[in-house]
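Numbering (UniProt numbering), first residue to last: 1 to 360.
In what follows, a structure is listed as structure tokens, so that the remarks can point back to it.
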């Protein structure tokens, strides 16, 4: 079985890359996708299920203390029950991949016995800002990758692409390096031999340095489900002007909305907002918002204001914002915050005609 772990910061293009991989591979391979989602309302799993028949989603608010172990626990189950030729794991953008690797090791899973690779997706537009804000987190994820994908290269000048490529290769020159537009990558470029050594003293130092609480980005999550029809114009206006509102310091939002024109997919980053037509049918509108500060009540009210008054509507979801809590050993003063909600992260769900819970 081929195992591709797809990592990358929020909004780097992981889901789009997986979508392109599945569309290329589905005719010749059985592909299973295991999605680690931050939040109680999953977006990526629902989107990928439109193309891949075997999509499983694990969602949890407490990604640092439960999700890595839950993902690792599902790997042997997927291998035995679905028997895929390839397993693609989408890892949350605010989590460090070493958590998954450590959990797999503790459980006795030998990932290197498979054709195994860690594929790290980098947003060419926002890499420099992320690196200046969280240098160790950024370096540690790059240094652990076997394949580095510099995505969105069509959105920046060619000379900046070359400069970023040089910088990234300085951090990890043993990984296979790819530039990409819209997450379009040839699957053959991901089938590299997993390497366990370090190419430089700097890389060894970064990968072996113990994590501290300050290394891990600290965010809150807000999620809601809605019944009703939204105004595309109002949604676009809300998110295009988000930086001027008092709704919080929002770094990422993604959602699926039923509008008058049909289903729409929302993608928000501070640098851009897109609301595009979406193929397929969904049971409900849903949104996930991630930020360093969030005004949950104001967010809910702002989204309800985007509903079309001509159609009945209601919303449901987690009543309060939730923090991406850190491991207890890294933040002993926040141990209580690391308790996952009841049932959260303990089960995987397979998407299909009916959403089906899978045993561990």
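Glycine included, each C-beta is placed from N, C-alpha and C at the ideal position.
Every value quoted in this text rests on a predicted model; they were computed, and no experiment measured them.
(message) For residue 259, tell me which candidate among 303, 248, 247 has the shortest Cα-Cα distance.
(response) Your numbering for residue 259 matches position 259 in the chain shown. Among 303, 248, 247, the Cα nearest to that of residue 259 is on 303.
(request) Sort 306, 252, 286, 274 by Cα distance to residue 294 and report the nearest one. (result) The residue labelled residue 294 in the question sits at position 294 within the chain shown. Residue 294 has its Cα closest to that of 252, out of 306, 252, 286, 274.
(message) Quick check on DSSP: helix, strand or coil for residue 29?
(response) For the purposes of this step, residue 29 is taken as residue 29 along the chain shown, with counting starting at 1. Residue 29: coil per DSSP, three-state reduction.
(message) Given this structure, state the Cα-to-Cα distance separating residue 153 from residue 22, to the nearest angstrom.
(response) To locate residue 153, count along the chain shown from 1; it is residue 153. To locate residue 22, count along the chain shown from 1; it is residue 22. Cα-Cα distance, rounded: 22 Å.
(message) Can you check which of these residues, 89, 149, 286, is closest to residue 5 by C-alpha distance?
(response) Locating residue 5 in the chain shown gives position 5, counting from the first residue. Among 89, 149, 286, the Cα nearest to that of residue 5 belongs to 89.
(request) Going by DSSP, name the residue or residues bridged to residue 150. (result) Taking the chain shown and counting its residues from 1, one reaches residue 150 at position 150. DSSP, once it has assigned bridges, lists 122, 179 as partnering residue 150.
(request) Starting from residue 277, follow its DSSP beta bridges and name the residues at the other end. (result) By 1-based counting over the chain shown, the position of residue 277 is 277. Note: residue 277 sits in a beta bridge opposite 264.
(request) Could you name the residues of the same chain whose beta carbon sits closer than 6 Å to that of residue 82, not counting the 5 residues immediately before and after it, in chain order? (result) Within the chain shown, numbered from 1, the residue matching residue 82 stands at position 82. Once the five neighbours on either side are set aside, the close Cβ partners of residue 82 are 32, 54.
(message) Do residue 242 and residue 257 have their beta-carbon atoms positioned less than 9 Å apart in this structure?
(response) What you label residue 257 is simply residue 257 of the chain shown in a count that begins at 1. What you label residue 242 is simply residue 242 of the chain shown in a count that begins at 1. No. Outside cutoff.
(message) Less than 6 Å between C-beta atoms, sequence neighbours within five positions excluded: which residues of the same chain meet that for residue 268?
(response) For the purposes of this step, residue 268 is identified with residue 268 of the chain shown, where counting begins at 1. Closer than 6 Å at Cβ, skipping near neighbours: 239, 253.
(request) Using the Cα positions of residue 169 and residue 137, report the straight-line distance between them to the nearest angstrom. (result) Position 169 of the chain shown, counting from 1, holds the residue named residue 169. Position 137 of the chain shown, counting from 1, holds the residue named residue 137. Cα to Cα, the separation comes out at about 16 Å.
(message) For residue 94 and residue 119, which I take to be in contact (beta-carbon distance under 8 Å), what is that distance rounded to the nearest angstrom?
(response) In the chain shown, counting from the first residue as 1, residue 94 sits at position 94. In the chain shown, counting from the first residue as 1, residue 119 sits at position 119. No, residue 94 and residue 119 are not in contact; Cβ-Cβ is about 18 Å, not under 8 Å.
(request) Go ahead and label residue 85 buried or exposed: buried means 16 or more other beta carbons lie within 10 angstroms of its beta carbon, across all protein chains shown. (result) On the chain shown, residue 85 is found 85 positions in, with the first residue counted as 1. Classification for residue 85: exposed.
(request) Have a look at residue 190 and residue 175 and give me their C-alpha separation to the nearest angstrom. (result) Locating residue 190 in the chain shown gives position 190, where the first residue counts as 1. Locating residue 175 in the chain shown gives position 175, where the first residue counts as 1. Roughly 10 Å separates the two Cα atoms.
(request) Figure out for me which residue from 9, 235, 10 has the closest Cα to the Cα of residue 301. (result) Locating residue 301 in the chain shown gives position 301, where the first residue counts as 1. Residue 301 has its Cα closest to that of 235, out of 9, 235, 10.
(request) Give every residue of the same chain whose Cβ lies closer than 7 Å to the Cβ of residue 230, excluding the five residues on either side of it in the sequence, and list them in chain order. (result) Along the chain shown, read from residue 1 onward, the residue named residue 230 stands at position 230. Taken in chain order, the residues that qualify are 257, 258, 259, 285, 306, 307, 308.
(request) Give me the Cα-Cα distance between residue 287 and residue 220, rounded to the nearest whole angstrom. (result) Against the chain shown, residue 287 aligns to sequence position 287. Against the chain shown, residue 220 aligns to sequence position 220. Each residue's Cα considered, the two are about 14 Å apart.
(message) Beta-carbon within less than 7 Å of residue 249's beta-carbon, same chain only, minus the 5 sequence neighbours each way: which residues are those?
(response) Taking the first residue of the chain shown as position 1, residue 249 is located at position 249. So the qualifying residues of the chain are 291, 292, 293.
(message) Using only the alpha-carbon positions, how far apart do residue 181 and residue 3 sit?
(response) Here residue 181 refers to the residue found at position 181 of the chain shown. Here residue 3 refers to the residue found at position 3 of the chain shown. Residue 181 and residue 3: Cα-Cα distance of roughly 23 Å.
(message) Rounded to the nearest angstrom, what separates residue 232 and residue 159 at their Cα positions?
(response) Within the chain shown, residue 232 is the residue found at index 232, counting from 1. Within the chain shown, residue 159 is the residue found at index 159, counting from 1. Rounded to whole angstroms, residue 232 to residue 159 spans 37 Å at the Cα level.
(request) Have a look at 129, 156, 117, 157 and flag the residue whose alpha-carbon is nearest the alpha-carbon of residue 143. (result) Residue numbering aside, residue 143 sits at position 143 when the chain shown is read from its first letter. If we check each option's Cα against that of residue 143, 117 comes out closest.
(message) If you reduce the DSSP assignment to three classes, tell me which class residue 63 lands in.
(response) Looking up residue 63 in the chain shown gives position 63. In this predicted model, residue 63 has a pLDDT of only 45, less than 50, meaning its place in the structure is not dependable enough to derive any value.
(message) Can you tell me which residues form a DSSP beta bridge with residue 286?
(response) Translated into the one-based positions of the chain shown, residue 286 becomes position 286. The partner list for residue 286 (beta bridge, DSSP) reads 225, 256.
(request) For the alpha helix (DSSP H) containing residue 174, list its first residue and its last residue. (result) As a working mapping, residue 174 is identified with position 174 in the chain shown. Per DSSP, residue 174 belongs to no alpha helix (DSSP H) and is neither H nor E.
(request) Give the straight-line distance between the Cα atoms of residue 98 and residue 277, rounded to the nearest whole angstrom. (result) Within the chain shown, the letter at position 98 stands for residue 98. Within the chain shown, the letter at position 277 stands for residue 277. Between residue 98 and residue 277, the C-alpha separation is close to 36 Å.
(request) Just confirm the distance between the C-beta atoms of residue 171 and residue 139, as a whole number of angstroms; I'd bet it's less than 8 Å. (result) Here residue 171 refers to the residue found at position 171 of the chain shown. Here residue 139 refers to the residue found at position 139 of the chain shown. Contact holds; Cβ gap of about 6 Å.
(message) Between 298, 126, 24, which has its C-alpha nearest residue 246's C-alpha?
(response) In the chain shown, residue 246 corresponds to position 246, counting from 1. Of the candidates 298, 126, 24, the one whose C-alpha sits nearest the C-alpha of residue 246 is 298.
(request) Less than 8 Å between the CB atoms is what I'm expecting for residue 25 and residue 157, so what's the real figure, rounded? (result) Start at 1 with the first residue of the chain shown, and residue 25 comes out as number 25. Start at 1 with the first residue of the chain shown, and residue 157 comes out as number 157. Not really, about 33 Å apart at Cβ, beyond 8 Å.
(request) Buried or exposed for residue 37, please, with buried defined as at least 16 other CB atoms from any protein chain shown within 10 angstroms of its CB. (result) For the purposes of this step, residue 37 is taken as residue 37 along the chain shown, with counting starting at 1. Counting Cβ neighbours within 10 Å, residue 37 comes out buried, since at least 16 surround it.
(message) Please state whether the Cβ-Cβ distance between residue 69 and residue 103 is less than 9 Å.
(response) Sequence index remark: in the chain shown, residue 69 carries index 69 (1-based). Sequence index remark: in the chain shown, residue 103 carries index 103 (1-based). Result yes, Cβ atoms of residue 69 and residue 103 sit closer than 9 Å.
(request) Rank 87, 80, 296, 14 by C-alpha distance to the C-alpha of residue 123 and give the top, closest one. (result) Against the chain shown, residue 123 aligns to sequence position 123. Ranking 87, 80, 296, 14 by Cα distance to residue 123 puts 14 first.
(message) For residue 5, report the span of its beta strand (DSSP E) as first-last.
(response) Position 5 of the chain shown, counted from the first residue, corresponds to residue 5. Residues 2 to 8.
(message) Helix, strand or coil, according to DSSP, for residue 44 in the structure here?
(response) In the chain shown, residue 44 corresponds to position 44, counting from 1. Three-state result, residue 44: helix.
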